[in-house]
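Read the structure below first, then the notes.
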Amino acid sequence: MTFDTLAQDLAMENGVGNATNREFLATQHAADIAQFLTEHDADIDWRVLDLLELQRQAEVLGYLDREVQVELAKSAPRARLAAIVTEMDSDDRADLFNALSEEEQEALLPALAQAEREDIRRLAGYKEGTAGAIMTSDYAVLTPDITARQALDKLRLEAPDKETIYRAYVIDPERKLIGSVRLQDLILVAPATRIEKVMERNTLAVSVDEDQESVAQKIARYDRLALPVVDADGRIVGIVTHDDAIDVITQEATEDFHKSGTVRGLGESVRDAGIFILYRARVAWLVLLVFGNIFSGAGIAYFEDTIASHLALLFFLPLLIASGGNAGAQAATLMVRAIATGDVRTADWGKMLGRETLVAGLLGLTMALAIYGIGVWRGGPEIAVVVSVSMIIIVLVGSLIGMTLPFILTRFRMDPATASGPLVTSIADAVGVLIYFAIATAWLL
4 MTFDTLAQDL
14 AMENGVGNAT
24 NREFLATQHA
34 ADIAQFLTEH
44 DADIDWRVLD
54 LLELQRQAEV
64 LGYLDREVQV
74 ELAKSAPRAR
84 LAAIVTEMDS
94 DDRADLFNAL
104 SEEEQEALLP
114 ALAQAEREDI
124 RRLAGYKEGT
134 AGAIMTSDYA
144 VLTPDITARQ
154 ALDKLRLEAP
164 DKETIYRAYV
174 IDPERKLIGS
184 VRLQDLILVA
194 PATRIEKVME
204 RNTLAVSVDE
214 DQESVAQKIA
224 RYDRLALPVV
234 DADGRIVGIV
244 THDDAIDVIT
254 QEATEDFHKS
264 GTVRGLGESV
274 RDAGIFILYR
284 ARVAWLVLLV
294 FGNIFSGAGI
304 AYFEDTIASH
314 LALLFFLPLL
324 IASGGNAGAQ
334 AATLMVRAIA
344 TGDVRTADWG
354 KMLGRETLVA
364 GLLGLTMALA
374 IYGIGVWRGG
384 PEIAVVVSVS
394 MIIIVLVGSL
404 IGMTLPFILT
414 RFRMDPATAS
424 GPLVTSIADA
434 VGVLIYFAIA
444 TAWLL
């Protein structure tokens with residue numbers, strides 16, 4: 004059986020294959036089932052979920068995109084939704100709650116148990132984009148005075164309800180984080196060994212208000228399955244797990260890609276976004292860049308006499324302008340990524356400027372040599388010299404613009420990703436026109 008045959012059976016009004024469908028779904032990963040649900044409407048989705056146990060329904064729901072989760076939540080009776088939400092991981096539960104309207108939130112909360120209500124309110128109250136907003140409250144804690152045997156017994160009982168037990172966090176009576184201990188160490192030490200003897204002190208932790216991208220980078224840098232989150236008083240309030248870190252990195256990368264193309268945040272997937280949302284996301288920068296490109300036209304108009312005297316110059320204009328924009332976009336892409344990963348900081352600008360000048364000069368020289376022969380063929384030696392010299396300078400200036408803009412935006416606490424793509428290209432185009440025709444005027448007239 005396949006998902007295609009499952010879809011065909013569910014499309015039948017009588018649904019005669021439920022037993023077979025249950026057996027098939029029991030062998031599939033929750034993420035694959037979620038992908039299947041994404042491709043169908045809410046009616047089919049609920050018929051699939053009805054074939055799963057409650058805990059399995061919650062697991063599948065956690066893999067769905069937020070838009071699909073909200074659509075299913077709106078179409079479900081309150082008691083049924085509350086039962087599934089109760090089984091969801093605490094962070095996924097809070098994310099879904101935040102995505103609902105105020106009316107839907109007020110309808111859902113009374114149907115939940117008090118513990119779930121309080122947990123949702125607490126997690127949903129943290130500022131979006133912070134560690135608190137992506138953390139889970141399903142973590143394991145131990146006290147330093149118990150033995151390894153007692154700790155293992157405790158973890159064995161709590162394991163079904165925790166995100167991870169591979170590392171437990173050691174707290175004092177006030178729930179302040181004082182260390183952590185790996186499950187591997189608990190298994191290897193003598194059963195009578197106290198936790199305070201085996202735990203790691205100075206455990207790496209993040210603040211509840213720390214930016215989510217910074218948290219994700221720390222999880223990747225220190226190769227951790229999870230990082231504890233503490234409040235201003237050092238009390239542990241949750242953990243951020245590696246799967247949430249991957250989601251954050253994916254989200255941030257998507258935003259950077261959109262910004263590099265001067266596309267405003269969509270807030271949803273491209274597939275599900277409406278015409279107006281896609282229009283609104285793209286129109287602002289395109290209109291702004293239209294006026295920016297007027298400078299290129301003004302530069303051409305200013306050098307009308309030079310162009311009229313040497314029409315062969317127009318043949319090379321698109322080539323030179325595109326080369327400067329491409330070089331600038333390359334340099335900007337490298338710098339944006341380096342800044343985003345922490346590989347380069349604003350203090351490194353001077354060092355990077357010198358290196359980029361050398362690299363861009365070599366690139367420009369190589370491209371000038373490649374174009375020199377065409378210049379001789381189209382306009383003679385004088386035109387070839389103008390085109391070649393312009394190529395070197397335009398590529399050099401375009402590269403330096405592309406490299407410098409991310410540093411400037413970072414310095415003013417703006418997102419450097421905005422410096423890529425159309426923005427750099429538009430600036431490099433206008434500057435390239437002025438450089439090209441200024442050199443032509445000085446050399447030919």
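Just so we're aligned: the sequence shown equals residues 4 to 448 in this note's numbering. Beta carbons: idealized from backbone N, C-alpha and C, even for Gly. Note that this is a predicted model, so its numbers are computed, not measured.
Taking only the alpha-carbon atoms, compute the straight-line gap between residue i and residue j and give it to the nearest angstrom.
i	j	result
L84	E105	16 Å
P321	G328	11 Å
E161	K77	33 Å
E119	V232	20 Å
R416	I342	12 Å
V63	N101	19 Å
L412	I280	26 Å
R197	K179	19 Å
L145	E203	13 Å
V19	R25	With a pLDDT of 46 at V19, under the threshold of 50, the predicted position of this residue should be treated as unreliable, though the coordinate-derived value follows. When rounded, the distance between both Cα atoms is 12 Å.
E90	E166	13 Å
L28	T8	12 Å
D35	L337	35 Å
F319	A350	38 Å
D141	D247	13 Å
N296	L408	18 Å
V1	T444	The requested residue 1 does not occur in the structure, where the chain is confined to residues 4 to 448.
A143	T41	33 Å
I397	L403	10 Å
S326	G300	18 Å
I190	I168	12 Å
R348	L426	22 Å
V71	V286	27 Å
V362	A134	40 Å
L54	A223	37 Å
L99	R152	38 Å
R96	G405	42 Å
What span of residues does the beta strand (DSSP E) with residue i cover, start to end?
i	result
Y172	T167 to I174
Provide the residue(s) that pair with residue i in DSSP beta bridges, ordered along the chain.
i	result
P231	I242
E105	Paired residues: none, contrary to the question.
E62	For E62, which the question treats as bridged, DSSP gives no partner whatsoever.
L180	I174
E42	Paired residues: none, contrary to the question.
E203	S183
D247	For D247, which the question treats as bridged, DSSP gives no partner whatsoever.
V209	V232
T150	R197
D214	T133
From the options, pick the residue whose C-alpha is nearest to that of residue i; which is it?
i	options	result
L13	Q38, G345, D346 and L52	L52
L399	T369, E90, P163 and F319	T369
G401	P425, I395, G331 and A229	G331
V201	L207, T244 and T150	T150
E199	V209, V184 and A208	V184
G302	I442, D148 and M15	I442
D226	V243, Q108 and A136	V243
G182	I222, N205 and D164	N205
E109	R81, G132, A86 and D98	R81
L365	V389, M394 and V388	M394
A431	W446, L448 and L292	L292
What residue range is occupied by the uninterrupted alpha helix (DSSP H) comprising residue i?
i	result
L403	P384 to R414
Y142	Careful: Y142 lies outside any alpha helix (DSSP H), inside the beta strand (DSSP E) at Y142 to L145.
P321	A315 to T344
N24	N21 to A29
K130	Run containing K130: none; DSSP gives neither H nor E here.
A134	A134 to I137
F6	F6 to L13
V71	R69 to K77
V434	P425 to L447
V192	Run containing V192: none; DSSP gives neither H nor E here.
A301	I297 to Y305
V88	R81 to E90
With a threshold of 8 Å between beta-carbons, can residue i be considered close to chain B, or not?
i	result
G401	No chain B is part of this structure, which consists of one protein chain only.
**Request:** Flag this pair as touching only if the region 233–251 and the region 209–216 have three or more C-beta atom pairs under 8 Å; answer yes or no.
**Result:** Touching, per the Cβ criterion.
**Message:** For the structure I just gave you, are there three or more beta carbon pairs, one from the region 301–311 and one from the region 364–377, closer than 8 Å?
**Reply:** no
**Message:** For the pair the region 164–180 and the region 124–132, tell me if three or more CB-CB distances fall below 8 Å.
**Reply:** no
**Prompt:** For the region 311–318 against the region 382–393, are there 3 or more C-beta pairs whose distance is under 8 Å?
**Reply:** yes
**Request:** Report yes or no: do three or more beta-carbon pairs, one from the region 357–373 and one from the region 429–438, lie closer than 8 Å?
**Result:** In this structure the region 357–373 does not lie against the region 429–438, because fewer than three pairs of beta carbons, one per stretch, are closer than 8 Å.
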